[in-house]
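Chains as they are written, first to last, in the working numbering: chain A, 30 to 314; chain B, 10 to 370; chain C, 187 to 431. The C-beta atom is built at its ideal place from N, Cα and C for all residues, glycine as well. Note that the structure is a prediction, hence the values are computed from the model and not measured. Inspection log for the structure reproduced underneath, given as structure tokens.
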Amino acid sequence: MTSIVLDGLVQGLQLALLSVGVVFVYGLGGVLNLAHGQLAVAGGLAVAILRSARWHPLLASTAGVVVAGSLALLLDRTLLRAAYARRGEERLLLGLILTLGVSFALDGFYALGAPNVALTLRMPSPSLEILGVRVRTASLAVGGLSLLTFAVLLAFLRGTRVGQAIRCIIQNEVGAVLCGVDVERVRTLTLFVSGVLAGVAALAQGFSSFLGPEMGTEFTILAVIVAVVGGVRSLTGTFLASLLLGLVNSALSYTVGTYLTWIVLLTVAVLTLLVRPEGLLAYWP
Amino acid sequence: MLRAAAPVAITALLLVAVPALVGGSSYGLRIASLTVIVATYAVAFNLLFGHTRQLFLCIGALAGGGAYGFVLLVRDLRLAPPLALAVVAVGVAAFGAFLSYVSIRRGFGVLFVGVVTLAVSIMFHNLLLGLRQYTNGETGLATRGVGFGLGNAPQEGYLVLVGVLVAALAGHQALLRSRHGLAFQALGEDELSAALSGIDVTRYKVGAAAVASGLIGLVGALYADVNGFISPSVFALGHVDIPVFVALLLGGMRTLLGPVVGAVLFSAVDEVVRPFGQLTVLTYGTLMVVLFLLFREGVVPAVQRVLLRAWARRLRARPTPPGVEGEPVAYVAAPRTVLPPEGRNTASEGGKASARDPSPR
Amino acid sequence: MLVVQGLWAGYDDVPLVHDVHLAVPGRGATAVLGANGAGKTTLFRAIVGLLRPWRGTVRFDGELLSGHPPHEVVRRGVVYVPAERELFPQLTVAQHLELGAYCAPGLFRSGLERVYTLFPRLAERKNQRASTLSGGEQQMLAIARALMAAPRLLLLDEPSTGLAPRLVAELYRQLGTLLREGVTILLAEQHVQAALHFCQQVYVLKDGRIAYGGPAGALRGDPELYRTYLGQAPGPPAPGGPGHP
Chain A
30 MTSIVLDGLV
40 QGLQLALLSV
50 GVVFVYGLGG
60 VLNLAHGQLA
70 VAGGLAVAIL
80 RSARWHPLLA
90 STAGVVVAGS
100 LALLLDRTLL
110 RAAYARRGEE
120 RLLLGLILTL
130 GVSFALDGFY
140 ALGAPNVALT
150 LRMPSPSLEI
160 LGVRVRTASL
170 AVGGLSLLTF
180 AVLLAFLRGT
190 RVGQAIRCII
200 QNEVGAVLCG
210 VDVERVRTLT
220 LFVSGVLAGV
230 AALAQGFSSF
240 LGPEMGTEFT
250 ILAVIVAVVG
260 GVRSLTGTFL
270 ASLLLGLVNS
280 ALSYTVGTYL
290 TWIVLLTVAV
300 LTLLVRPEGL
310 LAYWP
Chain B
10 MLRAAAPVAI
20 TALLLVAVPA
30 LVGGSSYGLR
40 IASLTVIVAT
50 YAVAFNLLFG
60 HTRQLFLCIG
70 ALAGGGAYGF
80 VLLVRDLRLA
90 PPLALAVVAV
100 GVAAFGAFLS
110 YVSIRRGFGV
120 LFVGVVTLAV
130 SIMFHNLLLG
140 LRQYTNGETG
150 LATRGVGFGL
160 GNAPQEGYLV
170 LVGVLVAALA
180 GHQALLRSRH
190 GLAFQALGED
200 ELSAALSGID
210 VTRYKVGAAA
220 VASGLIGLVG
230 ALYADVNGFI
240 SPSVFALGHV
250 DIPVFVALLL
260 GGMRTLLGPV
270 VGAVLFSAVD
280 EVVRPFGQLT
290 VLTYGTLMVV
300 LFLLFREGVV
310 PAVQRVLLRA
320 WARRLRARPT
330 PPGVEGEPVA
340 YVAAPRTVLP
350 PEGRNTASEG
360 GKASARDPSP
370 R
Chain C
187 MLVVQGLWAG
197 YDDVPLVHDV
207 HLAVPGRGAT
217 AVLGANGAGK
227 TTLFRAIVGL
237 LRPWRGTVRF
247 DGELLSGHPP
257 HEVVRRGVVY
267 VPAERELFPQ
277 LTVAQHLELG
287 AYCAPGLFRS
297 GLERVYTLFP
307 RLAERKNQRA
317 STLSGGEQQM
327 LAIARALMAA
337 PRLLLLDEPS
347 TGLAPRLVAE
357 LYRQLGTLLR
367 EGVTILLAEQ
377 HVQAALHFCQ
387 QVYVLKDGRI
397 AYGGPAGALR
407 GDPELYRTYL
417 GQAPGPPAPG
427 GPGHP
């Protein structure tokens, strides 16, 4: 029972790494980044390639994360400017189409350029015993990595001026401008952060099983669904939704098959939306 | 009246001429059939998303529901094909109406409807895979000879599909020209204002969803017959929803022929890109991005604008009647002549009222 | 202090501000009066950079302000409080004030003290979320947030909207304190009485053009002039309401 819960939490944390990035971009840019999963894959593939070139794992991982962040940055500075020039629903729609196109392009690019590359990160021993419970070291790695990342993120958001600016832009962009916040600059930074989170999510995936070049779309779909369930402008809500869905997934995986798991998971997501249409904690920052 | 029927009639004629144009090549007919199917889906999606802002990302699922339902009804329950077709169309229509109704009642915005229907899509996909005793799972079902036997007569099959598309187009046009058309236009622009003007928004949206879904289910069933083979991946997101979405946006949302133009363009691109093998998806993506940055509203409106400008130029060449000098009535005209082109307005980043916000403050 | 010359601005192709010239002297209050749709908000937004002017210039202390992005304008000391207030619903009063000082972090402490002295009611509600405040308190918060940026020129767009007369009077008393502290105020109002009694200089905007610009006293004292530019002549101010000494 404990292992199911722990496993679920770890999976939830991994999911959160992906979906929180989506919330950042939506909250600050008004754009739903359909290429988010591809950012993660970029990071993961970079790490794998560097590892095979005999780079030290820590260095390769950092480099991969930076790659993911930089790709997001590039996206922001180039294509997304067309979306930012518009308002409201037009911006959302154009952003959807552009990022969809980019996700296709990247998908094809990966299949072409790195078809057989996959990222796997192995821990020294497969499992450990902690307090009498058998724990997979992979789960420990993922859990540790995510918690560390979120701790840093929280410190950034609460402690720095820019972090606070991010929170207030999500709530009211005009209000932030009136306070003298350079929204464009903060937005670019946020895109970078979302890319970094995606990169870390790739690392987590490398730990828990493996990351392949074709996984981008699945990541994106998961991230978007969880983000919306959590309240697409709420960081806390998305974090909690990820944990919830991670737990449900873990509980189901032990009992029923893959297909039914997906169905139940999605039903839970849809039911949550039905009960609370704004998302779980839409009003929490 | 005749003038209005022209676009659809011309389209119908062009479509019917296609088999002759491809010289009866079965490959050509297959591509044409698929294009017509995508176009019909796009007409439905136009009604859903273009006119009533319901982002149903489950078109593949609806079509698949129609297809699998039809095959199972005919093969296992031994229903007569026409009856099965009707049952399936009504069933899928009801489901679409249900989705729409629930979304409206819960006040879902565009994004949420998209996500919920996305979830439905994935659920359906997994359902098909999981119920392998009925659906044969990933391997799929051979459906040749099931139903109307159109699989064995590709030309007839194509013409049936064309018939459905033309009927859908004609229906769409008739709808827009009727008194409901104005309601749809109002709905599409501003739901709240439309509701406040007394338009029963729920009825229109649910109705649109029902009609569109029924159409999709019908075509899905016909596809099973014409294609001779169905499998879960055929109705997956990437195979149906994305092409339809792209086709509609390319052709022009809320236009009459946009779906058809978009579907044709999409197929053309597909054919051009196919020999590149691995590069296909990459090219798709790049093309999408480039095309959308260029043709923001779609090809049809862009073409209309070009034609309109040419027409306007012709009108301006005519001499102005005497006595119409003096201040232009609407001062919208004034700035163009008074101001040098010095820095057009762009509501910069923080502006709450959009640059397209018509209400002055 | 603020000089606007030949300003044209609008949305899409519709001009809402036609060739506006105005000058705001330092250390005083100037009012821009006009009916709904006269162009007051468009004018303010164009001054502050939320809307790019089509023509004309805005100069602050001799330096060009127009053409700079809005956050730069705030940094220069010109802060705008819009009619919609644009608060952050889920953030507390204290958090708003912290964010208000985004451009002036060094002056945070002194700014906080000043604001809590001026608006003691906000001090009481320090940890309350903005969405739970009353209309009057929200207006106070919007102004307080703007003050945290240590502005030299404060632009207020219809600050008395939605406020009961008693609250309007209180608001203008607080604005008076600000004036004495050296802040220049430019305000747009539909509430003519309060503005006329408070400000030294007045501009009247009609259909996007300046119809009158001059000392407030002249408009106050001349019913004929008043009627020409502002509609019917004023009655005596209501007791306890704004404008009553």
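### Task
Quick one: using the 10 Å Cβ neighbour count with 16 as the cut-off for buried, is I233/C buried or exposed?
Locating residue 233/C in the third sequence gives position 47, counting from the first residue. I233/C should be labelled buried.
### Message
Between which residues of its own chain and T289/B is the CB-CB distance below 7 Å, once the five residues before and five after are set aside?
### Response
As a first step, residue 289/B must be located in the second sequence, where it is residue number 280. For T289/B, where only same-chain residues beyond five positions count, the Cβ hits under 7 Å are V282 and R283.
### Query
What residues in the region 131-165 of chain B bring their beta carbon closer than 7 Å to a beta carbon of chain A?
I131, M132, N135, L136, L138 and G139
### Query
Buried or exposed: which applies to K226/C, given that a residue is buried once 16 or more other Cβ atoms fall within 10 Å of its Cβ?
As a first step, residue 226/C must be located in the third sequence, where it is residue number 40. Buried.
### Task
Determine the closest residue to V279/C out of T243/C, V264/C and L298/C, with distance taken between C-alpha atoms.
On the third sequence, position 93 is the one that residue 279/C refers to. In terms of Cα proximity to V279/C, the closest of T243/C, V264/C and L298/C is L298/C.
### Task
Report the neighbours of A128/B on chain A: residues whose CB is nearer than 7 Å to its CB, in chain order.
Your numbering for residue 128/B matches position 119 in the second sequence. Simply I254, L295, A298 and V299.
### Query
Taking the C-alpha atoms as reference points, what is the distance between L129/A and P86/A?
The count along the first sequence starts at 1 and reaches residue 129/A at position 100. The count along the first sequence starts at 1 and reaches residue 86/A at position 57. Going from the Cα of L129/A to the Cα of P86/A covers about 32 Å.
### Message
With a threshold of 8 Å on Cβ separation, who are the neighbours of P241/B within its own chain once the five nearest residues in sequence on each side are excluded?
### Response
Here residue 241/B refers to the residue found at position 232 when the second sequence is read from its first residue. So the qualifying residues of the chain are G73, H134, L137, L138, T144, G146, E147 and G149.
### Query
Taking Cβ to Cβ, would you say G156/B is nearer than 7 Å to D85/B?
By one-based count along the second sequence, residue 156/B stands at place 147. By one-based count along the second sequence, residue 85/B stands at place 76. Contact flag unset, no.
### Query
Are G93/A and G117/A closer than 7 Å when you measure CB to CB?
Stepping through the first sequence from its first residue, residue 93/A is reached at position 64. Stepping through the first sequence from its first residue, residue 117/A is reached at position 88. Inclusion of G93/A and G117/A in the CB contact set at 7 Å is not warranted, their separation being larger than that value.
### Query
Does L291/B get closer than 7 Å to chain A when you measure Cβ to Cβ?
Reading the second sequence from its first residue, position 282 is the one you call residue 291/B. Among the residues facing chain A, L291/B is included, as its CB has a counterpart in that chain under 7 Å away.
### Query
Should E334/B be labelled buried (16 or more other beta-carbon atoms within 10 Å of its own) or exposed?
The residue you call residue 334/B lines up with position 325 of the second sequence. Note that E334/B scores 43 on pLDDT, short of 50, meaning its location in the model is unreliable and no value can be drawn from it.
### Query
So, is the C-beta of G204/A closer than 7 Å to a C-beta in chain C?
Indexing the first sequence from 1 puts residue 204/A at position 175. The beta carbon of G204/A sits closer than 7 Å to some beta carbon of chain C.
### Task
Starting from the beta carbon of G116/B, find every residue of chain A whose beta carbon is closer than 7 Å, and list them in chain order.
Within the second sequence, numbered from 1, the residue matching residue 116/B stands at position 107. Within chain A, the residues whose beta carbon sits less than 7 Å from that of G116/B are P306, listed in sequence order.
### Message
Am I right that L357/C and P345/C are in contact with their C-beta atoms under 8 Å? What's the rounded C-beta distance?
### Response
Taking the first residue of the third sequence as 1, we reach residue 357/C at position 171. Taking the first residue of the third sequence as 1, we reach residue 345/C at position 159. Between P345/C and L357/C the Cβ distance is about 6 Å, and since that is below 8 Å, they are a contact.
### Task
Report back the beta-carbon spacing between V388/C and L219/C to the nearest angstrom; my notes put them in contact at under 8 Å.
Taking the first residue of the third sequence as position 1, residue 388/C is located at position 202. Taking the first residue of the third sequence as position 1, residue 219/C is located at position 33. Correct: roughly 6 Å between the Cβ atoms.
#### Entry: As assigned by DSSP and simplified to three states, the class of L202/C
To locate residue 202/C, count along the third sequence from 1; it is residue 16. Correct three-state label for L202/C: strand.
### Where L257/B sits in the DSSP three-state scheme
Taking the second sequence and counting its residues from 1, one reaches residue 257/B at position 248. Helix at L257/B.
### Task
State the start and end residues of the unbroken alpha helix (DSSP H) segment that holds S187/B.
Taking the second sequence and counting its residues from 1, one reaches residue 187/B at position 178. Note, S187/B: premise wrong, no alpha helix (DSSP H); not H, not E.
### Task
Measuring only between beta-carbons, confirm whether P256/C sits less than 7 Å from chain A.
Taking the third sequence and counting its residues from 1, one reaches residue 256/C at position 70. Taking Cβ atoms only, chain A reaches closer than 7 Å to P256/C, which makes this a yes.
### Message
Spatial neighbours of A51/B within its chain, please: C-beta separation below 8 Å, excluding the five flanking residues on both sides.
### Response
Position 42 of the second sequence, counted from the first residue, corresponds to residue 51/B. Contacts found: V253, A256, L257, G260, G267, P268, V269, G271 and A272.
### Counted within 10 angstroms of its Cβ, other Cβ atoms place V265/C as buried (16 or more) or exposed
As a first step, residue 265/C is located in the third sequence; it is residue number 79 there, counting from the start. V265/C comes out buried.
### Message
Taking the straight line between their C-alpha atoms, what separation do you get for V308/B and A14/B?
### Response
As a working mapping, residue 308/B is identified with position 299 in the second sequence. As a working mapping, residue 14/B is identified with position 5 in the second sequence. Approximately 21 Å, taken between the alpha carbons.
#### Entry: Residue-chain proximity (G241/A, chain B), Cβ-Cβ < 7 Å
Locating residue 241/A in the first sequence gives position 212, where the first residue counts as 1. No - not a single Cβ of chain B is within 7 Å of the one on G241/A.
### Message
If you reduce the DSSP assignment to three classes, tell me which class F238/B lands in.
### Response
Mapped onto the second sequence, residue 238/B falls at position 229. In this structure, DSSP gives F238/B an extended state, which the three-state scheme calls strand.
### Q359/C - DSSP class collapsed to helix/strand/coil
Stepping through the third sequence from its first residue, residue 359/C is reached at position 173. Residue identity check: residue 359/C is Arg in the sequence provided, not Gln. DSSP places R359/C in helix when its eight states are reduced to three.
### Message
At the level of alpha carbons, what is the spacing between R315/A and V76/A?
### Response
Any question about residue 315/A goes unanswered here, given that chain A covers just 30 to 314.
#### Entry: Where the beta strand (DSSP E) containing A204/B begins and where it ends
Counting from one through the second sequence, the residue named residue 204/B turns up at place 195. No beta strand (DSSP E) holds A204/B; the alpha helix (DSSP H) holding it covers E200 to L205.
### Message
Quick check on W291/A: buried or exposed, where buried means 16 or more other Cβ atoms within 10 Å of its Cβ?
### Response
Here residue 291/A refers to the residue found at position 262 when the first sequence is read from its first residue. With 16 or more Cβ atoms within 10 Å of its Cβ, W291/A is classed as buried.
### Query
Any idea if Y167/B is buried or exposed, counting beta-carbon neighbours within 10 angstroms, 16 or more meaning buried?
Here residue 167/B corresponds to residue number 158 of the second sequence, with the count starting at 1. Buried: at least 16 other Cβ atoms inside 10 Å.
#### Entry: Residue(s) in a DSSP beta bridge with T370/C
For this step, residue 370/C is matched to residue 184 along the third sequence. Its beta-bridge partners are L339/C.
### Query
Are three or more beta carbon pairs between the region 56-66 of chain B and the region 218-237 of chain B nearer than 8 Å?
yes
### Task
Find the nearest neighbour of I329/C within the set L382/C, E270/C and Q276/C, judged by alpha-carbon distance.
Along the third sequence, read from residue 1 onward, the residue named residue 329/C stands at position 143. Considering only alpha carbons, the answer is E270/C.
### Boundaries (first-last residue) of the alpha helix (DSSP H) holding F65/B
If you number the second sequence from 1, residue 65/B lands on position 56. If you look at F65/B, you'll find it isn't in any alpha helix (DSSP H); DSSP assigns it neither H nor E.
### Query
If the cut is a Cβ gap below 8 Å, which residues of chain E does R190/A touch?
Any reference to chain E falls outside this structure, whose protein chains are A, B and C.
#### Entry: Distance between G247/B and F54/B (C-alpha atoms, nearest Å)
Looking up residue 54/B in the second sequence gives position 45. Looking up residue 247/B in the second sequence gives position 238. Counting only the Cα atoms, G247/B lies some 15 Å from F54/B.
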